[in-house]
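Participant: Have a look at this one before I ask anything.
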Amino acid sequence: MIKHFKNWSCWYRRFCKLLQLILVYSFFSNVSYGQTPLPSNSPIELLVLGSGGPRAEGRASSSNILLINGKAVVLVDAGSGAFVRSGELKLNIDQLELIFFTHFHIDHSADFPALAKTRAQGRTGTITFNVFGPKENIGHPSANQFIAQMFGPGGIFAYQPSFGTPEKFIVTDLPFGLDTQLLVIYDQQGLKVTTIGTNHGPTPSVAYRFDYQGRSIVFSGDTNPSAQDNLIKLSKNADLLVFNCAILDDAGSTAQSSNRHTPPKMIGKIAHEAQVKQLVLSHIMPIVDRAKDQVIKSIGSIYSGKVLFAEDKKTYPLEP
Ligand SMILES: [Zn+2]
C-alpha cells in the first residue's frame, strides 16, 4: 500500500511538473498579449509583425523581426502597421540596427520612419542603422535614395537624425535581377546574411538568408516564379523559408498579381527542391486567406515539410 502510494505521489509530482512546463512554454511562445519576446531555445527566431499587405482587409502590412538570442536585432521590411504591432507587443527595439528591405513597395517600407523615430526616443548615444535594399530602377528608389530622401538634407524627415539621440545610416545598395549570384552582404558576430535577386515585375527586389549558429531563415520577399532557381540556391537546406503567398494557382488573381507573385504550387516546388525544413506563408492576400485549405493542399502535393500561415505578433521557433 505504501509502495502504491509512493508511485502515485511520484506520478502526481511528474504530472504537476509537466503541467508547469506546458504553462511556461505557452506563455513564452505566444507574444500576442503584450509580452516582450524572451530568449527561447532557438538562437534565431522569426517574429511576424505583419502577415498581410498591400490590402487592409483583416491583415495589413508586411514586416518581420528576427530575434537573435531573443533580442530584436534585425528588421526585414517595414510595411505600414509594423510600428503599431511592435508597440502592441511592447517590443524592446534597443538592439534593432540591421534593416533589410526586400523592395520598396509601400506595404514593405512605409513604417520605417516611425520605427526610426521611436528607436531614438529616450535613448542615449548614437544609433547606427545598417540598411540594405536593392538598387534603383525607373520609378523605384535605391536603398540609398530611399534613406536620403527621407532623412538626408532636404529630405521629408530631415529633422529625424538629430531628433532624440543622433541616428546614422550606413546604406548598401544591392544588385537585383535573375542573373545575380549569391552574395554575402553581412558577416559579423556570427550572423551571416546572404542575398540574391528575385523578380517582382518592374520593382527591384531581392531575397535574404540569415545564418546564425548553424540555423537559418530565408525570406523570399515578393517575387514571381521566374526566380525559382535563385530562391532554391538561397534557401538550400534552410530551417525556415518565409514565402510571400499572395495569389492562387488558378483564376481569381489579377494579371498584375500573377506577374509579381508566386502561386502555391510553385512555392511547394521551391521548398521541396531546396529541401527546407519548414515553410511559413506570409504576405497573405484576402484571396489566399479565404482558400487556406486549397493552398495547403496545393503545396502539400509537392512539399512534405511543415507549412504554417503567418499571423501578426506570433513567433515561429525553428524545428529541432
Ligand atoms: Zn511588392
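FYI, in the numbering used here the residues of the sequence shown are 84 to 403. Idealized CB from N, CA, C, for every residue including glycine.
Beta strand (DSSP E) containing Phe240: first to last residue?
Facilitator: Stepping through the sequence shown from its first residue, residue 240 is reached at position 157. Where Phe240 is concerned, there is no enclosing beta strand (DSSP E), given that its DSSP letter is neither H nor E.
Participant: Within the continuous alpha helix (DSSP H) that includes Asn202, where are the two ends?
Facilitator: Within the sequence shown, the letter at position 119 stands for residue 202. The sequence given here has Arg at residue 202, not Asn. First-last of the alpha helix (DSSP H) with Arg202: Phe195 to Ala203.
Participant: When you compare the CB positions of Gln296 and Pro126, do they come within less than 8 Å of one another, or not?
Facilitator: Within the sequence shown, the letter at position 213 stands for residue 296. Within the sequence shown, the letter at position 43 stands for residue 126. Against a cut-off of 8 Å, the Cβ pair of Pro126 and Gln296 comes out as a contact.
Participant: Using a threshold of 7 Å, is the CB atom of Thr345 nearer than that to any non-hydrogen atom of ligand 1?
Facilitator: Reading the sequence shown from its first residue, position 262 is the one you call residue 345. Thr345 Cβ: outside cutoff for every heavy atom of ligand 1.
Participant: Would you call the region 138-147 in contact with the region 173-181, where contact means no fewer than 3 C-beta pairs closer than 8 Å?
Facilitator: Contact between the region 138-147 and the region 173-181 is absent, because fewer than three Cβ pairs lie under 8 Å.
Participant: Any residue with its Cβ nearer than 5 Å to a heavy atom of ligand 1 should be included. What is that list in chain order?
Facilitator: That gives His188 and Asp305.
Participant: For a test of the three-state rule: what should DSSP assign to Phe326, helix, strand or coil?
Facilitator: The sequence position of residue 326 within the sequence shown is 243, counting from 1. The answer is strand: DSSP assigns Phe326 an E or B state.
Participant: Helix or strand or just coil, what does DSSP make of Ile189?
Facilitator: Against the sequence shown, residue 189 aligns to sequence position 106. Here Ile189 sits in helix by DSSP.
Participant: Can the beta-carbon of Leu198 be found less than 8 Å from the beta-carbon of Ala226?
Facilitator: Position 115 of the sequence shown holds residue 198. Position 143 of the sequence shown holds residue 226. Going by C-beta atoms, Leu198 is not nearer than 8 Å to Ala226.
Participant: Assuming the contact rule is C-beta atoms closer than 8 Å, Thr281 and Ile268 should be a hit. Round their C-beta distance to whole Å, please.
Facilitator: Here residue 281 is taken as the residue at index 198 of the sequence shown, counted from 1. Here residue 268 is taken as the residue at index 185 of the sequence shown, counted from 1. The pair is not a contact, with the Cβ atoms about 15 Å apart (cut-off 8 Å).
Participant: Which one of Thr345, His344, Ser387 and Val371 has the shortest CA to CA distance from Leu362?
Facilitator: Counting from 1 along the sequence shown, the entry for residue 362 is found at position 279. It is Ser387 whose Cα lies nearest to the Cα of Leu362.
Participant: Is Arg373 helix, strand or coil by DSSP?
Facilitator: For the purposes of this step, residue 373 is taken as residue 290 along the sequence shown, with counting starting at 1. Of the three classes helix, strand and coil, the one that applies to Arg373 here is coil, per DSSP.
Participant: For Ala139, count the other beta carbons within 10 Å of its own beta carbon; 16 or more makes it buried, fewer makes it exposed. Which is it?
Facilitator: For this step, residue 139 is matched to residue 56 along the sequence shown. That one is exposed.
Participant: In terms of residues, what are the limits of the beta strand (DSSP E) holding Phe302?
Facilitator: Within the sequence shown, residue 302 is the residue found at index 219, counting from 1. Residues Arg298 to Phe302.
Participant: Would you please state the rounded distance, in angstroms, between the beta carbons of Asn213 and Ile253? I believe it to be under 8 Å.
Facilitator: By 1-based counting over the sequence shown, the position of residue 213 is 130. By 1-based counting over the sequence shown, the position of residue 253 is 170. Yes, they are in contact, since the Cβ atoms of Asn213 and Ile253 sit about 5 Å apart, within 8 Å.
Participant: Answer with buried or exposed for Glu128, where buried requires no fewer than 16 other C-beta atoms within 10 angstroms of its C-beta.
Facilitator: Counting from 1 along the sequence shown, the entry for residue 128 is found at position 45. The residue is buried, with at least 16 neighbouring Cβ atoms inside 10 Å.
Participant: Can you tell me the Cα-Cα spacing of Gly208 and Thr248, whole angstroms?
Facilitator: Within the sequence shown, numbered from 1, the residue matching residue 208 stands at position 125. Within the sequence shown, numbered from 1, the residue matching residue 248 stands at position 165. If I take the Cα positions, the gap works out to 6 Å.
Participant: Compare the C-alpha of Gly351 against each of Ser341, Ala155, Asn327 and Met368 and name the closest.
Facilitator: One-based indexing of the sequence shown puts residue 351 at position 268. Per the Cα distances, Asn327.
Participant: Can you tell me where the beta strand (DSSP E) with Pro347 in it begins and where it stops?
Facilitator: If you number the sequence shown from 1, residue 347 lands on position 264. Segment Pro347 to Ala357 is the alpha helix (DSSP H) holding Pro347; no beta strand (DSSP E) there.
Participant: Look up Pro249 in the DSSP assignment and say whether it is helix, strand or coil.
Facilitator: As a first step, residue 249 is located in the sequence shown; it is residue number 166 there, counting from the start. In the structure shown, Pro249 sits in coil (DSSP, three-state: anything other than H, G, I, E or B).
Participant: Here's the rule I'm using: 16 or more other beta-carbon atoms within 10 Å means buried, otherwise exposed. How should Asp194 be labelled?
Facilitator: For the purposes of this step, residue 194 is taken as the residue at position 111 of the sequence shown. Per the 10 Å Cβ criterion, buried.
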